[in-house]
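Trainee: Numbering (our numbering), first residue to last: 1 to 97.
What follows is the structure in structure tokens.
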């Protein structure tokens, strides 16, 4: 099982009993320099093999649809609007090759 830490926790651990202090921003820059990126954690289950096969089948069936064909499709509105600066969303740092 993987332990997760956020940057304020890492900074607090570094500052615990240390003679010099480390800011949260310094921890963030260091993590980025090491090759990690801030991402939102996945909150949905990953696709099963059957779901992947069905998605691939659907994609192949609709591969040759024209722009005019897609104009007749109703798309759900997934827009997100933020009224305040902070959105209180949790972010995780992941290292990518």
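Backbone N, C-alpha and C fix where the C-beta goes; we use that ideal spot for every residue, glycine too.
Classify residue 57 as helix, strand or coil using the three-state DSSP reduction.
Mentor: By 1-based counting over the chain shown, the position of residue 57 is 57. Reduced to three states, the DSSP call for residue 57 is helix.
Trainee: Between the alpha carbons of residue 17 and residue 24, how many angstroms are there, rounded?
Mentor: By 1-based counting over the chain shown, the position of residue 17 is 17. By 1-based counting over the chain shown, the position of residue 24 is 24. Using only the alpha carbons, I get a separation of about 16 Å.
Trainee: Taking the beta strand (DSSP E) that residue 39 falls in, what are its first and last residues?
Mentor: Translated into positions along the chain shown, residue 39 becomes position 39. Counting along the chain, the beta strand (DSSP E) containing residue 39 begins and ends at 36-39.
Trainee: Is the distance from the Cβ of residue 48 to the Cβ of residue 28 below 7 Å?
Mentor: The count along the chain shown starts at 1 and reaches residue 48 at position 48. The count along the chain shown starts at 1 and reaches residue 28 at position 28. Contact: no.
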